[in-house]
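Chemist: Letter 205 of the sequence shown, counting from 1, is numbered 191 in this note's numbering, and no numbers are missing. Have a look at the structure that comes next, please.
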Amino acid sequence: MSTTDNLVEIRGLKVHFPVRAGILKRTVGVVKAVDGVDLDIRRGEILGLVGESGCGKTTVGRAILRLIPATAGTVRFDGKDLFSLKPSELKPLRREMQLVFQDPYSSLDPRSKVGDIVGEGLRVHGVTDRQERHERVRKALEMVGLQEEHMRRFPHEFSGGQRQRIGIARALVLNPKFIVCDEPVSALDVSIQSQVLNLLKDLQQELDLTLLFIAHDMSVVEHLCDRVAVMYLGKIVEVAERDELFRNPQHPYTRALMSAIPVADPRAKRERIILQGDPPSPLRPPSGCRFHTRCPEATELCAQREPALIDLGRAHLCACHLRQPEGQVAESVARVGG
-13 MSTTDNLVEI RGLKVHFPVR AGILKRTVGV VKAVDGVDLD IRRGEILGLV
37 GESGCGKTTV GRAILRLIPA TAGTVRFDGK DLFSLKPSEL KPLRREMQLV
87 FQDPYSSLDP RSKVGDIVGE GLRVHGVTDR QERHERVRKA LEMVGLQEEH
137 MRRFPHEFSG GQRQRIGIAR ALVLNPKFIV CDEPVSALDV SIQSQVLNLL
187 KDLQQELDLT LLFIAHDMSV VEHLCDRVAV MYLGKIVEVA ERDELFRNPQ
237 HPYTRALMSA IPVADPRAKR ERIILQGDPP SPLRPPSGCR FHTRCPEATE
287 LCAQREPALI DLGRAHLCAC HLRQPEGQVA ESVARVGG
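Here it is as structure tokens:
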């Protein structure tokens, strides 16, 4: 696929956080939250980014939007290098890149009315006419299933699902091209989750939006996303089209995640893969493949050499020594043995 089909291109993205201790607050370590991510997000698609809590998913999303500084790497949005832009150059692009937060309670100012919350971005970006702001806020609320009368209410007067709809309206009011959805349904009841997911899908198709959907629930990702990227301890370990990934997962970590998806039929049998131990600390990640300390298929090579993210065919990428072509694996084993 040509690069013109990609709205967002991420290359070598690293986000490291220093750990400081002592009276002088000297740096005694570095948390490698994101440690070398390469990822493309195609125009008009919903890309799911999945993994365990603490693997760096949210950090990737916020680094793309320059809400937190990146340590290294590049992010190109619609052909523009975001990390090289000055604040004055970045501001016009802010309206094209928006974020829906995970928590619909803490992400809304309890002292502001809904109309002011949703319309704040318009005011910041120079829409000074109050009547125009009012009309655009009204349309944004209607798109998410709320009414004009809700503009005069405060967040505490709404349920969790309604609050998340307000957060989505706030993201939509500036007519963005790209939205990062940071686990937008994880704090909601199951019955409400499906409503919000269907709303996001309908809006994405109606407005031709591009979404990065961050989640840890594989069943939610299967329902919503077009492609899926699997992340483990700051690294992308597998990327594929949704149907391809769920039909033919290649990485042992992906297969373990798949095995945890509930099955509706109580008579159906599924082998459950139980990973041993807890994920290693990003402060001291393991050598080689970061998953080898919990992988049931790990070899000596996995502990010594980091696997590359290679194309297995059908745009299915996987970072696993056991999935590399036999000749490459044999050559790597020989180098380790030598």
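Using N, Cα and C, we set each Cβ at its ideal position, and we do this for glycine too.
Quick one: residues in its chain with C-beta nearer than 8 Å to the C-beta of Gly(-2), no 5 flanking neighbours on either side, listed in chain order?
Modeler: Taken in chain order, the residues that qualify are Gly22, Val23, Asp24, Ala58, Gly59, Thr60.
Chemist: Determine the direct distance from the alpha carbon of Met217 to that of Val315, and round the result to whole angstroms.
Modeler: Unreliable positioning characterises Val315 in this predicted model, as indicated by a pLDDT of 48, which lies under 50. A coordinate reading is not provided.
Chemist: Do Ile154 and Val86 have their beta-carbon atoms positioned less than 7 Å apart in this structure?
Modeler: Their beta carbons are under 7 Å apart, which means Val86 touches Ile154 by this criterion.
Chemist: Can you have a look at Lys125 and say buried or exposed, based on whether 16 or more other CB atoms are within 10 angstroms of its CB?
Modeler: So Lys125 counts as exposed.
Chemist: Determine whether the beta carbon atoms of Val207 and Ala215 lie at a separation below 7 Å.
Modeler: Their beta carbons are not under 7 Å apart, which means Val207 does not touch Ala215 by this criterion.
Chemist: Along the alpha helix (DSSP H) that carries Thr13, what are the first and last residues, could you check?
Modeler: Counting along the chain, Thr13 falls outside any alpha helix (DSSP H), though it belongs to the beta strand (DSSP E) covering 12 to 28.
Chemist: How far does the beta strand (DSSP E) with Tyr218 in it reach, from first residue to last?
Modeler: Looking at the DSSP string, the run of the beta strand (DSSP E) that includes Tyr218 is 213 to 218.
Chemist: With 16 other CB atoms within 10 Å as the buried threshold, where does Gly263 fall?
Modeler: Result: exposed.
Chemist: When you compare each of Glu38, Leu(-7), Glu31 to Lys221 by their alpha carbons, which one comes out closest?
Modeler: Of Glu38, Leu(-7), Glu31, the residue nearest in Cα terms is Glu38.
Chemist: Rank Ser245, Gln133, Cys211, Pro235 by C-alpha distance to the C-alpha of Arg300 and give the top, closest one.
Modeler: Cα-wise, what sits closest to Arg300 is Pro235.
Chemist: Can you give me the Cβ contacts of Val335 inside the same chain, cut-off strictly under 7 Å, excluding the 5 residues immediately before and after it?
Modeler: Because residue 335 is not part of the residues shown, which for the chain are -13 to 324, the question remains open.
Chemist: Check Asp67 in the structure and name its three-state DSSP category.
Modeler: Looking at Asp67 - three-state DSSP - the assignment turns out to be strand.
Chemist: If we ignore side chains and look at the alpha-carbon of each, how far apart do Arg321 and Arg291 end up?
Modeler: Low local confidence applies: a pLDDT of 43 at Arg321 is under 50, so the model's placement there is unreliable, with the coordinate-based value given in what follows. Spanning the two alpha carbons is a distance of roughly 10 Å.
Chemist: Return the first residue and the last residue of the beta strand (DSSP E) that Lys0 is part of.
Modeler: Taken as a continuous stretch (DSSP letters only), the beta strand (DSSP E) holding Lys0 covers -8 to 7.
Chemist: Can you grab the Cα-Cα spacing for the pair Glu82 / Lys43, in whole Å?
Modeler: Using only the alpha carbons, I get a separation of about 21 Å.
Chemist: How would you write the range of the beta strand (DSSP E) that Cys41 sits in, first residue to last?
Modeler: No beta strand (DSSP E) holds Cys41; DSSP gives it neither H nor E.
Chemist: To test your reading of the DSSP string, which unbroken alpha helix (DSSP H) runs of 4 or more residues are found completely within the region 172 to 233?
Modeler: Whole alpha helix (DSSP H) segments, 4+ residues: 176 to 193, 204 to 210, 228 to 233.
Chemist: To which residues does DSSP link Phe339 through a beta bridge?
Modeler: The displayed coordinates of the chain run from -13 to 324. Any statement about residue 339 would go beyond what the structure contains.
Chemist: At what residues does the beta strand (DSSP E) containing Ile152 begin and finish?
Modeler: First-last for Ile152: 146 to 158, but that is the alpha helix (DSSP H), not the beta strand (DSSP E).
Chemist: Counting only the same chain and skipping the five closest in sequence on each side, list residues whose C-beta sits under 8 Å from that of Thr240.
Modeler: Val216, Val223, Glu224, Leu231, listed in sequence order.
Chemist: Can you say whether Lys11 is buried or exposed, counting buried as having 16 or more other CB atoms within 10 angstroms of its CB?
Modeler: Flag for Lys11 reads exposed.
Chemist: Going by C-alpha to C-alpha distance, which of Arg48, Cys275, His209 sits closest to Pro238?
Modeler: Nearest of Arg48, Cys275, His209 to Pro238, Cα basis: Cys275.
Chemist: Based on the DSSP secondary-structure assignment, which residues constitute the bridge partners of Gly34?
Modeler: Phe199, Val214, per the DSSP bridge assignment.
Chemist: What is the C-beta distance between Val20 and Val1, in whole angstroms, given that I count them as a contact (C-beta under 8 Å)?
Modeler: Going by Cβ atoms, the distance from Val20 to Val1 rounds to 4 Å, so yes, they are a contact pair.
Chemist: What first and last residue would you give for the alpha helix (DSSP H) that runs through Tyr239?
Modeler: Run containing Tyr239: 238 to 245, per the alpha helix (DSSP H) assignment.
Chemist: Can you check which of these residues, Ala226, Glu192, Gln310, Pro170, is closest to Gly47 by C-alpha distance?
Modeler: That would be Pro170, whose Cα lies nearest to the Cα of Gly47.
Chemist: Lys72: which of Ser172, Arg52, His209 sits nearest, CA to CA?
Modeler: Taking only the C-alpha atoms, the option nearest Lys72 is Arg52.
Chemist: Could you please give the first and the last residue of the uninterrupted alpha helix (DSSP H) stretch that includes Cys288?
Modeler: It spans 286 to 290 - the alpha helix (DSSP H) in which Cys288 sits, taken as one unbroken run.
Chemist: Just checking my contact of Phe69 with Val(-6) at CB under 8 Å: how many whole Å lie between their CB atoms?
Modeler: At roughly 13 Å, the Cβ-Cβ gap does not stay under 8 Å, so Phe69 and Val(-6) are not in contact.
Chemist: Tell me the rounded alpha-carbon separation between Gln133 and Glu106.
Modeler: Their backbone Cα atoms lie some 18 Å apart in a straight line.
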